[in-house]
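Following: one structure in C-alpha cells, then a few remarks.
Number of protein chains: 2
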Amino acid sequence: MDGQQHPADQTGFVGSYLLYLLAAVSERASAEFHAHARKAGLRVPEWRVLACLCDSDGAMITHLAQLSLMEQSRLTRIVDQMAARGLLTRRADPRDGRRVLVYLSQEGRALAARLTRDARDHEAQILARLTPEDAARIKPILQGLLAGLEEATP
Amino acid sequence: MDGQQHPADQTGFVGSYLLYLLAAVSERASAEFHAHARKAGLRVPEWRVLACLCDSDGAMITHLAQLSLMEQSRLTRIVDQMAARGLLTRRADPRDGRRVLVYLSQEGRALAARLTRDARDHEAQILARLTPEDAARIKPILQGLLAGLEEATP
DNA sequence: CCCAATAATATGAAAATTCATATAAAGGCG
DNA sequence: CGCCTTTATATGAATTTTCATATTATTGGG
Numbered sequence: 126m127d128g129q130q131h132p133a134d135q136t137g138f139v140g141s142y143l144l145y146l147l148a149a150v151s152e153r154a155s156a157e158f159h160a161h162a163r164k165a166g167l168r169v170p171e172w173r174v175l176a177c178l179c180d181s182d183g184a185m186i187t188h189l190a191q192l193s194l195m196e197q198s199r200l201t202r203i204v205d206q207m208a209a210r211g212l213l214t215r216r217a218d219p220r221d222g223r224r225v226l227v228y229l230s231q232e233g234r235a236l237a238a239r240l241t242r243d244a245r246d247h248e249a250q251i252l253a254r255l256t257p258e259d260a261a262r263i264k265p266i267l268q269g270l271l272a273g274l275e276e277a278t279p
Numbered sequence: 126m127d128g129q130q131h132p133a134d135q136t137g138f139v140g141s142y143l144l145y146l147l148a149a150v151s152e153r154a155s156a157e158f159h160a161h162a163r164k165a166g167l168r169v170p171e172w173r174v175l176a177c178l179c180d181s182d183g184a185m186i187t188h189l190a191q192l193s194l195m196e197q198s199r200l201t202r203i204v205d206q207m208a209a210r211g212l213l214t215r216r217a218d219p220r221d222g223r224r225v226l227v228y229l230s231q232e233g234r235a236l237a238a239r240l241t242r243d244a245r246d247h248e249a250q251i252l253a254r255l256t257p258e259d260a261a262r263i264k265p266i267l268q269g270l271l272a273g274l275e276e277a278t279p
C-alpha cells in the first residue's frame, strides 16, 4: 500500500466520479501521444486541427473549431500560424463571403497522414492494456455518450 | 442527414479514434457541470481542487497537483487565490519543512459537499443516457485504463 | 559534520487562451 | 430596395497558463 492514494483507488469521490475518470484518462493517455506530436513540431491544438482536417478538409472556421474542441477565436489564431507554416490554406467560401474554408496543403496532408498512422499504433497499445471485452466495448460506449451529448447541445 | 458531419458519425479518423472520443466526451460532458460550478463562483481548476481535497484533505502541493490534473506552479497560484477567498488553508508540514499541506476550510468543505452532491446527480443524468449494461461498464473500464496508465508513469 | 544531490514550492517573464466586441456578409421582411 | 437581425470571422486587452529557474529544506555519503 502507498500512503499517497491514487485516484484510481476509487475510494472517495473523484476515483469513482465519471467526469473525473474521463478527464484523467484523457489527460494521461493523450499526454503519451502529445509528446510524440511535439517531436513532429506540433503543439496539441495544432495536432487536433490537423487530425480534424483529415476528415473534414475544407471545413469553415466555426465548424472546425467545434470539431477540434476549441473556441473560435483561438482556432482563428492557430489557423493563422499553421497557414504561415504552410500546413494549410484558407479560402473565402465563394457561396458565402463571411465564411473562411480551411484546406490542408500537400505538406499538411503528408504530416497528418504520418501522425494519424502513429496515432492508430499508439491507440492499439492502449487498448492492449485492457481485456479484449473491454477493449471492444469502450469506443462504442464513448460514441454513444458523445451522440447523446450532441443531441442535448446541437 | 446533415452536411456538416459530427465526429460521432465515426466515419473518418477522429470519430473512431479513442483519444479523440475521450477528449470530446470529457469536454462536452464536463461543460455541463462546469457551467453549474461557475454559478457557484468556481472556475474549472478551482472546482477540481475542491473535489480532490474532499478525498485528500491535507495533501501536499505536488500530490494535489497530480490529482487535480494540473501543473505544480499553476496549482500553487490557484491555492493562493482560494486561500485568499477563505476556501482552504495552507500549513507547513511539521515533518518536512519543504512541504506545504493544503486543508479545506469549513466554508470550503461546505461548498465542496454541496457541489459533489450536485455532481453525483449530474453524473446519474449522464449515465441514464446509456443502456444499463454500458452504464455499468464504463467506470470500471476507465478505472482499469487509468490504473494501466499510472503504472506506466508512476 | 559537511557537502553534494535531490526534492518541494514559489516566482518572473513569455506565451497561450479567453472574453467582449468590432467588422463584414447574408437573410428576411416590410 | 432599404433596414434590421443574424451569422461568420477577426482582433485588442485582460487573464491564465507554461516554462525555466530561484529558493529553501532534506537526505545520504564520505
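If you read the sequences in order, they're chains A and B.
In case it helps, this note's numbering puts the first sequence at residues 126 to 279.
In case it helps, this note's numbering puts the second sequence at residues 126 to 279.
All residues carry an ideal CB built from backbone N, CA and C; glycine is no exception.
Integer-rounded CB distance, given that residue 181 of chain B should sit under 8 Å from residue 144 of chain A: Here residue 144 of chain A corresponds to residue number 19 of the first sequence, with the count starting at 1. Here residue 181 of chain B corresponds to residue number 56 of the second sequence, with the count starting at 1. That belief does not hold up - the Cβ atoms of residue 144 of chain A and residue 181 of chain B are roughly 18 Å apart, past 8 Å.
Chain-order list of residues whose beta-carbon lies under 6 Å from that of residue 172 of chain B (same chain, five-residue window excluded): Residue 172 of chain B sits at position 47 when you count from the first residue of the second sequence. 162, listed in sequence order.
DSSP three-state assignment for residue 218 of chain B, whether helix, strand or coil: To locate residue 218 of chain B, count along the second sequence from 1; it is residue 93. Three-state result, residue 218 of chain B: strand.
Chain-ordered residues of the region 240-251 of chain B with a beta carbon less than 9 Å from chain A: Within the region 240-251 of chain B, those residues whose Cβ lies closer than 9 Å to any Cβ of chain A are, in chain order, 241, 244, 245, 247, 248, 251.
Inter-residue Cα distance where the pair is residue 262 of chain B and residue 188 of chain B: Taking the second sequence and counting its residues from 1, one reaches residue 262 of chain B at position 137. Taking the second sequence and counting its residues from 1, one reaches residue 188 of chain B at position 63. About 29 Å.
Minimum Cβ-Cβ distance from residue 135 of chain B to chain A less than 8 Å: In the second sequence, residue 135 of chain B corresponds to position 10, counting from 1. Yes, residue 135 of chain B lies at the interface with chain A (some Cβ there is under 8 Å from its Cβ).
Distance CB(residue 226 of chain A)-CB(residue 216 of chain A) smaller than 8 Å: Walking along the first sequence from the start, residue 226 of chain A turns up at place 101. Walking along the first sequence from the start, residue 216 of chain A turns up at place 91. Yes, the pair counts as a contact, with Cβ atoms nearer than the cut-off.
Rounded separation between residue 190 of chain B and residue 197 of chain B - CA only: Indexing the second sequence from 1 puts residue 190 of chain B at position 65. Indexing the second sequence from 1 puts residue 197 of chain B at position 72. So the alpha carbons of these two residues sit roughly 5 Å apart.
Residue 244 of chain B vs residue 138 of chain B beta-carbon contact at 8 Å: Residue mapping note: residue 244 of chain B aligns to position 119 of the second sequence, counting from 1. Residue mapping note: residue 138 of chain B aligns to position 13 of the second sequence, counting from 1. Result no, Cβ atoms of residue 244 of chain B and residue 138 of chain B do not sit closer than 8 Å.
Cβ-based burial, residue 148 of chain A [other Cβ within 10 Å; buried from 16]: As a position in the first sequence, residue 148 of chain A is number 23, starting the count at 1. Under this definition residue 148 of chain A is a buried residue.
Beta-ladder partner(s) of residue 227 of chain B, from DSSP: In the second sequence, residue 227 of chain B corresponds to position 102, counting from 1. According to DSSP, which records beta bridges pairwise, residue 227 of chain B is partnered with B:184, B:215.
C-beta contact flag for residue 146 of chain B and residue 271 of chain A at 8 Å: Within the second sequence, numbered from 1, the residue matching residue 146 of chain B stands at position 21. Within the first sequence, numbered from 1, the residue matching residue 271 of chain A stands at position 146. Yes; because the gap between Cβ atoms is below 8 Å, this pair is in contact.
Cutoff 8 Å: residue 186 of chain A Cβ touching any chain B Cβ: Sequence index remark: in the first sequence, residue 186 of chain A carries index 61 (1-based). No, because no Cβ of chain B sits closer than 8 Å to the Cβ of residue 186 of chain A.
Under 7 Å (Cβ pairs) to chain A, residues found in the region 152-177 of chain B: Contacts with chain A (Cβ-Cβ distance below 7 Å) from the region 152-177 of chain B involve 152, 153, 154, 155, 158, 176, 177, listed in chain order.
Three-way DSSP call (helix, strand, coil) for residue 269 of chain A in this model: Reading the first sequence from its first residue, position 144 is the one you call residue 269 of chain A. The answer is helix: DSSP assigns residue 269 of chain A an H, G or I state.
Status (buried if at least 16 other CB within 10 Å, exposed otherwise) for residue 176 of chain B: By 1-based counting over the second sequence, the position of residue 176 of chain B is 51. Buried: at least 16 other Cβ atoms inside 10 Å.
Cutoff 8 Å: residue 126 of chain A Cβ touching any chain B Cβ: For the purposes of this step, residue 126 of chain A is identified with residue 1 of the first sequence, where counting begins at 1. In this prediction, residue 126 of chain A scores a pLDDT of 41, lower than 50, which makes its location untrustworthy; no coordinate-derived value is stated.
Top-ranked residue by Cα proximity to residue 203 of chain B, from B:264, B:249, B:174: Your numbering for residue 203 of chain B matches position 78 in the second sequence. Per the Cα distances, B:174.
Straight-line gap, residue 233 of chain A to residue 224 of chain A (C-alpha atoms, nearest Å): Along the first sequence, read from residue 1 onward, the residue named residue 233 of chain A stands at position 108. Along the first sequence, read from residue 1 onward, the residue named residue 224 of chain A stands at position 99. In a straight line, the C-alpha of residue 233 of chain A is about 21 Å away from that of residue 224 of chain A.
Beta-carbon neighbours of residue 266 of chain B, restricted to chain A and to distances below 8 Å: Translated into the one-based positions of the second sequence, residue 266 of chain B becomes position 141. Per Cβ cutoff of 8 Å: 255, 259, 262, 263, 266.
Proximal residues to residue 208 of chain A (C-beta, below 8 Å), its chain only, five neighbours per side dropped: The residue you call residue 208 of chain A lines up with position 83 of the first sequence. Answer for residue 208 of chain A: 214, 215, listed in chain order.
Option in A:132, A:142, A:229, A:257 with minimal Cα separation from residue 184 of chain A: In the first sequence, residue 184 of chain A corresponds to position 59, counting from 1. Checked all of A:132, A:142, A:229, A:257; the closest Cα to residue 184 of chain A is A:229.
Local Cβ density within 10 Å of residue 241 of chain B, reported as buried at 16 or more and exposed below that: The residue given as residue 241 of chain B occupies position 116 in the second sequence. Residue 241 of chain B should be labelled buried.
Where residue 136 of chain B falls: helix, strand or coil (DSSP): The residue given as residue 136 of chain B occupies position 11 in the second sequence. The answer is coil: DSSP assigns residue 136 of chain B none of H, G, I, E or B.
Close Cβ partners of residue 235 of chain A (< 8 Å) along its chain, the five nearest in sequence each way excluded: Stepping through the first sequence from its first residue, residue 235 of chain A is reached at position 110. Hits under 8 Å: none found.
Limits of the unbroken alpha helix (DSSP H) element including residue 155 of chain B: Taking the second sequence and counting its residues from 1, one reaches residue 155 of chain B at position 30. Its alpha helix (DSSP H) spans residues 143-164.
Residue 258 of chain B - DSSP class collapsed to helix/strand/coil: As a position in the second sequence, residue 258 of chain B is number 133, starting the count at 1. If DSSP states are grouped into helix, strand and coil, residue 258 of chain B belongs with the helices.
Residue span of the alpha helix (DSSP H) that contains residue 288 of chain A, given as start and end: There is simply no residue 288 of chain A to check, as chain A begins at 126 and stops at 279 in what is shown.
Any C-beta of chain B under 8 Å from that of residue 139 of chain A: The residue labelled residue 139 of chain A in the question sits at position 14 within the first sequence. At a cut-off of 8 Å, the C-beta of residue 139 of chain A has a neighbouring C-beta in chain B.
Short-range partners of chain B found in the region 212-234 of chain A, where Cβ spacing is below 9 Å: none
Residue environment, residue 140 of chain B, which counts as buried when at least 16 other CB atoms sit within 10 Å: Numbered from its first residue, the second sequence carries residue 140 of chain B at position 15. Classification for residue 140 of chain B: buried.
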